[in-house]
Amino acid sequence: MPDPLIRHTGIAAPLLIDNVDTDQIIPSREMKAVSRTGLAEGLFAGWRYRSPGSREPVPEFVLNRPGFERASVLIAGANFGCGSSREHAVWALAEFGFRVIIAESFNEIFHGNCLRNGVLPVVLKGVSDLRALGWDQATDLTIDLAQQTVERADQPGWQGEFDIDAYPKHLLLEGLDPIGLTLKSADVLDQFEQVDRVARPWVYKDYSAA
Amino acid sequence: MPTYFDALWDMHRIAAADEVYDLIAIDRVLLHERTGGVALKSLAEKGYSVKDPSRVFAIMDHIVSFREGRGRDEARSPGGETFITETRRMANDAGIHLIDTDNPAQGIVHVAAPEQGIALPGLSLVCPDSHTCSLGALGALAWGIGSSEAEHAVATGCLRVKKPKQMLVRVENELPDGVTAKDLALHLIATHGAAGGKRCAVEFAGPAIQVMTVEERLTLCNMAAEFGAFTAIIAPDEAVIAYVRGRPFSPDSKEAFLHWSKLATSESSGHDEIITIDARTVRPQITWGTSPEEALPLGMTVPATAKKAALDYMGLSVGEQIAGLPIDGAFIGSCTNGRLSDLQLAASVIRGRRVAPHVRAVCVPGSWSVRREAEALGLDRIFRDAGFTWGAPGCAMCFYAGGDTFAPGARVVSSTNRNFEGRQGPGVRTHLASPAVVAASAVAGVIADAQSLSVLGRVA
Ligand code: SF4
Chain L
325 MPDPLIRHTG IAAPLLIDNV DTDQIIPSRE MKAVSRTGLA EGLFAGWRYR
375 SPGSREPVPE FVLNRPGFER ASVLIAGANF GCGSSREHAV WALAEFGFRV
425 IIAESFNEIF HGNCLRNGVL PVVLKGVSDL RALGWDQATD LTIDLAQQTV
475 ERADQPGWQG EFDIDAYPKH LLLEGLDPIG LTLKSADVLD QFEQVDRVAR
525 PWVYKDYSAA
Chain V
2 MPTYFDALWD MHRIAAADEV YDLIAIDRVL LHERTGGVAL KSLAEKGYSV
52 KDPSRVFAIM DHIVSFREGR GRDEARSPGG ETFITETRRM ANDAGIHLID
102 TDNPAQGIVH VAAPEQGIAL PGLSLVCPDS HTCSLGALGA LAWGIGSSEA
152 EHAVATGCLR VKKPKQMLVR VENELPDGVT AKDLALHLIA THGAAGGKRC
202 AVEFAGPAIQ VMTVEERLTL CNMAAEFGAF TAIIAPDEAV IAYVRGRPFS
252 PDSKEAFLHW SKLATSESSG HDEIITIDAR TVRPQITWGT SPEEALPLGM
302 TVPATAKKAA LDYMGLSVGE QIAGLPIDGA FIGSCTNGRL SDLQLAASVI
352 RGRRVAPHVR AVCVPGSWSV RREAEALGLD RIFRDAGFTW GAPGCAMCFY
402 AGGDTFAPGA RVVSSTNRNF EGRQGPGVRT HLASPAVVAA SAVAGVIADA
452 QSLSVLGRVA
């Protein structure tokens, strides 16, 4: 289950390329098992390593540059996460340590996958060109989900704002996935079931012997 | 006045989750090996357990081999064995009901669930499969869901759902002889479009529905997935109650019988949309394009409005006669038309005849139960003698998963539900039709209706 995300401070890594698809985020050759873990190493493998299958780093790639190795906020271009709907893309980003992705825009399915997995997708209000904000030097960003604001350590006074729906905001603030959230209402579910067991007992009969 | 769907929704509504979503209690979750094993595994990895294993069922159907005498782990696609073995392992670990490849109850989930009494009137059922709407034919609140929703239903026994809008499709009068539920479904989709269902819960009602057998209703509701509906539903009647009683997972309780007969009430009203069809106007249908909405009565020509991409893929041109097109393959089976009455109908067409020499014809009963009943009636002999392959139950050639299928470019008449590009294999050209039309075409070697073989009448 994801950790709650109320206020997050971390280094911002710029990957200002448009239309980064999920196969670039996690190439299918890096998805070796029917599993949602063990994916961080394959994150951006095509850009991060010299050749397919190798683990020799490409020094220019942002996550290999000094100061950015422990980034937890990704700064991305337009239509981030397009292509195949594979949830592995978010699993890989989350396992690497990314908690927040700030992009010019997101693919819709990828956006939903982020929210289900404890990663906050942010589109800054009134900012159409993220490049213009300058990201070359590693800097700390603070994302306050409760206030829906973003602040930069290297530019005191600058503040960004973003929108988020009530339901995903609640999931992220509490560190819940949809299942965890529903199970919080366990007493409501149990109450319903107790009444229903009396009204429709045959529904709950165990037919294991059948 | 509330609709039948409203009544079921309220019966299962635990609470409002927020302004938009309701928490709906789920009575049964059905899984199959293509999506079910992954859902169970992902759940276990997240540290959640199955809430009530006795109400979760896994059935092997999608990837299993349809070869007569298949092995226990034999898949019809390369690498498919792991789906079978993983699902078996996960199902056993979780302690849910598993209907394995060698279980006498095995079959396509939407065929086996009614047969086994897993689907019942008034129950809420979900399955990570779009044709779960079939089960609305029994008066169940049943719909297809995604993989993460399946995990949610298994772990919590409920789903967070937005109540859909509702549509009534009222079918007046009766279908003419020789016209089937499949033809009615294709007629509806062709008339109102593949998105015509507008994400509604679609209730079928009217005189033509009342006289349908339960199997015909299952066929009709199955095709709601091709109509862009949230799901389909038919208020249960005496025919449904008679059908579900005495099945393995069906309750033998007076309370249940009373509950069902109360569900079987008069007409509902208050739908957001209404479509009326005069059943007398429906003719045997055939699709010519790559969407189920591209269907016409047999005997018509490819319309001038046809899209170029569909024509190119199907190797057709505007104005071309559809009946009489030479075919290479014929497939009878699937959750749409793989039940006993479908095989009886097809057998009545091919009895004493032979499949045209250049046609590869395959019949795969939807379940072992269907297959056993068909064999008891001698239908297997009729199919085999005519030159059909008689397969072991499963989804078989309904969708391509790698492995054995028809050749690229092959023209195939199929009793299934999807004619999308590549659905039955790379380059395979699928024409959807009723089992009667598939059987007649297999014999004629060209697209043909049963009447043109001078075989008449609906199945007894
Ligand atoms: S028979 Fe075809 S449509 Fe039905 S469940 Fe199987 S693959 Fe899906």
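Taken in sequence, the protein lines are chains L and V.
325 is the number of the first residue of the first sequence in the working numbering; add one for each residue after it.
2 is the number of the first residue of the second sequence in the working numbering; add one for each residue after it.
From the three backbone atoms N, C-alpha and C, an ideal C-beta is built for every residue, glycine too.
query, result
"Please list, in chain order, the chain V residues whose beta carbon lies closer than 7 Å to that of residue 329 of chain L.", "By Cβ distance, chain V contributes nothing, its closest Cβ being about 17 Å from residue 329 of chain L, past 7 Å."
"Buried or exposed: where does residue 461 of chain V fall if 16 or more other Cβ atoms within 10 Å of its Cβ makes it buried?", "Confidence is the limiting factor: at residue 461 of chain V the pLDDT is only 30, short of 50, which leaves the residue's position unreliable, though a coordinate-based value still follows. Burial call: exposed."
"Should residue 97 of chain V be listed as close to the ligand SF4, given that the test is whether its C-beta is under 7 Å from any heavy atom?", "no"
"Tell whether a beta-carbon distance below 8 Å holds between residue 438 of chain L and residue 414 of chain L.", "yes"
"Cβ of residue 335 of chain V versus every heavy atom of the ligand SF4: is any distance shorter than 7 Å?", "yes"
"Could you tell me if the beta carbon of residue 396 of chain V falls within a distance shorter than 7 Å of some heavy atom in the ligand SF4?", "yes"
"Is there a C-beta anywhere in chain L that falls below 8 Å from the one on residue 5 of chain V?", "no"
"Taking the Cβ atom as the reference point for each residue, do residue 403 of chain V and residue 78 of chain V lie within a distance shorter than 8 Å?", "yes"
"Which residue marks the beginning of the alpha helix (DSSP H) containing residue 406 of chain L, and which one marks its end?", "Note, residue 406 of chain L: premise wrong, no alpha helix (DSSP H); not H, not E."
"Using the beta-carbon of each residue, which ones in chain V are nearer than 7 Å to residue 507 of chain L?", "157"
"Please work out which residues of its chain come closer than 8 Å, Cβ to Cβ, to residue 307 of chain V, disregarding the five sequence neighbours upstream and downstream, and give them in chain order.", "289, 290, 295, 317, 319"
"Using a Cβ-based criterion (distance less than 7 Å to any ligand heavy atom), does residue 275 of chain V qualify as near the ligand SF4?", "no"
"Go ahead and pull the three-state DSSP assignment for residue 526 of chain L.", "helix"
"Ends of the alpha helix (DSSP H) at residue 277 of chain V?", "Where residue 277 of chain V is concerned, there is no enclosing alpha helix (DSSP H), although the beta strand (DSSP E) it sits in stretches over 274–279."
"For residue 352 of chain V, collect the residues of the same chain with a Cβ closer than 6 Å to its Cβ; drop the 5 residues on either side in sequence, then sort them by chain order.", "383"
"Distance, Cα to Cα, residue 430 of chain V vs residue 419 of chain V?", "11 Å"
"Could you tell me which chain L residues have their CB closer than 7 Å to the CB of residue 49 of chain V, listed as they occur along the chain?", "503"
"Beta-carbon within less than 6 Å of residue 557 of chain L's beta-carbon, same chain only, minus the 5 sequence neighbours each way: which residues are those?", "Only positions 325 to 534 of chain L appear in the structure, and residue 557 of chain L is not among them; the question remains open."
"Which first and last residues belong to the alpha helix (DSSP H) in which residue 286 of chain V is found?", "It is not in any alpha helix (DSSP H) - residue 286 of chain V instead sits in the beta strand (DSSP E) that spans 286–288."
"Is it buried or exposed, residue 522 of chain L, if we count other Cβ atoms within 10 angstroms and call 16 or more buried?", "exposed"
"Name the DSSP beta bridge partners of residue 473 of chain L, please?", "L:468, L:485"
"Does DSSP put residue 291 of chain V in a helix, a strand or coil?", "coil"
"Hey, is residue 111 of chain V's beta-carbon within less than 8 Å of any beta-carbon in chain L?", "no"
"Report the partner residues of residue 414 of chain V according to the DSSP bridge assignment.", "V:331, V:432"
"Any heavy atom of the ligand SF4 within a distance shorter than 7 Å of the CB on residue 62 of chain V?", "yes"
"Would you verify that the beta carbon of residue 493 of chain L is, or is not, closer than 8 Å to some beta carbon of chain V?", "no"
"Quick one: which chain V residues come within Cβ less than 7 Å of residue 516 of chain L?", "15, 26"
"Buried or exposed: where does residue 89 of chain V fall if 16 or more other Cβ atoms within 10 Å of its Cβ makes it buried?", "buried"
"Just curious, the beta strand (DSSP E) that residue 173 of chain V is in, first and last residue?", "167–173"
"Can we count residue 430 of chain L as close to the ligand SF4, meaning its CB is less than 7 Å from some heavy atom?", "no"
"Give me the residue from V:71, V:28, V:327, V:181 with the minimum Cα distance to residue 467 of chain V.", "Nothing can be reported for residue 467 of chain V: it is not among the residues displayed for chain V, which extend from 2 to 461."
"Is residue 130 of chain V near the ligand SF4 - that is, is its Cβ less than 7 Å away from at least one heavy atom of it?", "yes"
"Comparing C-alpha positions only, which one of L:343, L:428, L:467, L:517 sits nearest to residue 271 of chain L?", "Look at the range of chain L in this structure, 325 to 534, and you will see that residue 271 of chain L is not part of it."
"Using a cut-off of 8 Å between C-beta atoms, extract the partners of residue 124 of chain V located in chain L.", "527"
"Which value, in whole angstroms, describes the spacing of the CA atoms of residue 264 of chain V and residue 161 of chain V?", "24 Å"
"Counting only beta-carbon atoms, is residue 353 of chain L nearer than 8 Å to chain V?", "no"
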